[in-house]
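These notes concern the structure reproduced below.
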Amino acid sequence: MILPLVFIFLAFLADRLTKVWAAQFLAANGPTQVHALLTIRETYNRGIALGLFQGVGPLVGWLTVFVVLGMAVYLARLPREQWLARLGLAILIGGALGNLVDRVFVGQALDFIETPLRPGIFNVADVMIYLGLGLALAGSFLQKGKRDDVMRDA
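Be aware that the sequence shown starts at 597, since it is given in the numbering used here, and climbs by one per residue.
Below, the structure written as structure tokens:
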């Protein structure tokens, strides 16, 4: 269970460090187009991904707490053989914790990454959530495929 904790911490740390950097950078420079596909600009999100559920207040934070706890329990029960799903859940939990800390201590999450490749403005925690979800789903499908192969061979 140590390795998933390391990935939870790394995903959380990546989010925290980039938010500190972005806040300092934007205070000094304002919105900046780094590349045709990347603009750094400041906005705050009181909801969840893509700005959904903006007006529900502390409910978003409490919902996040329960979802993260549920994922942590599920992660702890996953067999080691499901390493990709475990890795994905760990990264997802780290990202969710990053945004949760913002909601608890600031009341909103700092979003600062804008690209024409994706709607809305987001942060590294959001990237970790989507990356983790993708890995967890891929790991689950791969494991399901292995179970199906075993059943066919029986």
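Cβ coordinates follow ideal geometry from the N, Cα and C atoms, glycine included.
Residue i (DSSP reduced to helix, strand or coil)
i    : result
N641 : strand
L633 : coil
Cα-Cα separation, residue i to residue j
i    : j    : result
A681 : E638 : 33 Å
M667 : L655 : 18 Å
A732 : L683 : 7 Å
G690 : G735 : 18 Å
E677 : L633 : 38 Å
L601 : W658 : 22 Å
N641 : L706 : 6 Å
Pair within 8 Å by beta-carbon distance, residue i and residue j
i    : j    : result
G728 : L685 : yes
V663 : A624 : no
F603 : I687 : yes
Burial state of residue i, where buried means 16 or more other Cβ atoms lie within 10 Å
i    : result
F605 : exposed
K615 : buried
A618 : buried
CB-CB length for residue i against residue j, believed under 8 Å
i    : j    : result
F708 : N695 : Between N695 and F708 the Cβ distance is about 13 Å, and since that is not below 8 Å, they are no contact.
Contact with chain C by residue i, beta-carbon distance below 8 Å
i    : result
A686 : In the displayed structure, chain C is absent; only one protein chain is listed.
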